[in-house]
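Residues 664 to 815 in the working numbering are what the sequence shown lists, from first letter to last.
No residue lacks a Cβ here, since even glycine has one placed at the ideal position from N, Cα and C.
Every value quoted in this text rests on a predicted model; they were computed, and no experiment measured them.
Here's the structure we're looking at; comments come further down.
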Amino acid sequence: MMPQTLKVKKLDPRAVVPKFATEGAAGMDLTAITLDVVMAEGGEYNPNRNKFVYGTGLAFEIPQGYVGLIFPRSSIHKTPMVLTNCVGVIDSDYRGEVKFVFSRNDLDGDVYGIGDRVGQLVLVQLPRIEVEEAETLSDTTRGTGGFGSTGR
């Protein structure tokens, strides 16, 4: 398979072009260059309900047929931070700034700061799928069992 090129545009001169930390890394580290704290309803500071929006100052041209997925880094366990949407999706036609939105899950621990690597970008190739409406679906052993139907 031919290697693909990820075009990266710095929207801010402070932005850090992402790179793989190791030869075997699946994701490229993304660095925060801005932080906006979005106050909870009522405008009062509430560490458990505020959102922490980290800007990377970067826009990407994801190759056609790929998606960019943004995840927190494994070091997130050292913070009280939680990525609010669990996994961010960057479509190949999006050209805006990539941002991370976190919330706190407790009051202990420091939040990420400017200059910290707050997440990682993983590129995944997507199959093109035709959608067909059907009256019936094939039978399986599992059938319609969901939410824990296969055990703990």
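Residue i versus the options, residue with shortest Cα-Cα distance
i    : options                : result
P676 : A722, F715, K714, M691 : A722
Y729 : K670, G687, G772, D802 : K670
Q727 : A797, G772, L789, E798 : L789
F715 : A797, G731, A695       : A695
V764 : A689, T685, T697       : T697
I753 : A797, V787, K741, T799 : V787
G751 : E798, T742, D771, L693 : L693
S766 : A688, T685, Y717       : Y717
Residue range of the beta strand (DSSP E) that includes residue i
i    : result
F763 : 762-767
R780 : 780-788
V752 : 751-753
V679 : Note, V679: premise wrong, no beta strand (DSSP E); not H, not E.
D756 : That residue, D756, is in no beta strand (DSSP E); it is neither H nor E in DSSP.
I777 : Segment: none, I777 is in no beta strand (DSSP E) and carries neither H nor E.
L609 : Not covered by the structure: residue 609. The range shown for the chain is 664 to 815.
Y733 : The question names Tyr, but residue 733 is Ile in the sequence shown. Note, I733: beta strand (DSSP E), 729-734.
V794 : Careful: V794 lies outside any beta strand (DSSP E) and carries neither H nor E.
D699 : 697-701
F810 : Where F810 is concerned, there is no enclosing beta strand (DSSP E), given that its DSSP letter is neither H nor E.
A722 : 721-724
G718 : 714-718
L674 : It is not in any beta strand (DSSP E) - L674 carries neither H nor E in the DSSP assignment.
Pairwise C-alpha distance: residue j and residue i
i    : j    : result
E795 : I725 : 27 Å
V701 : K673 : 24 Å
C749 : P681 : 20 Å
N768 : K762 : 19 Å
T813 : A678 : 46 Å
L732 : F683 : 15 Å
T799 : T747 : 36 Å
E793 : S801 : 17 Å
8 Å contact criterion, which residue i and residue j should meet: CB distance rounded
i    : j    : result
V774 : M744 : 6 Å
G772 : T742 : 5 Å
Closer than 8 Å: residue i CB and nearest the ligand ATP heavy atom
i    : result
G718 : With respect to the ligand ATP, the structure shown offers nothing to examine, as it has no ligands at all.
Discussion item. Count Cβ pairs between the segment 735-749 and the segment 766-784 that sit closer than 8 Å; are there 3 or more?
Written reply: yes
Worksheet entry | the segment 756-774 / the segment 803-811 touching (three or more Cβ pairs under 8 Å) | no
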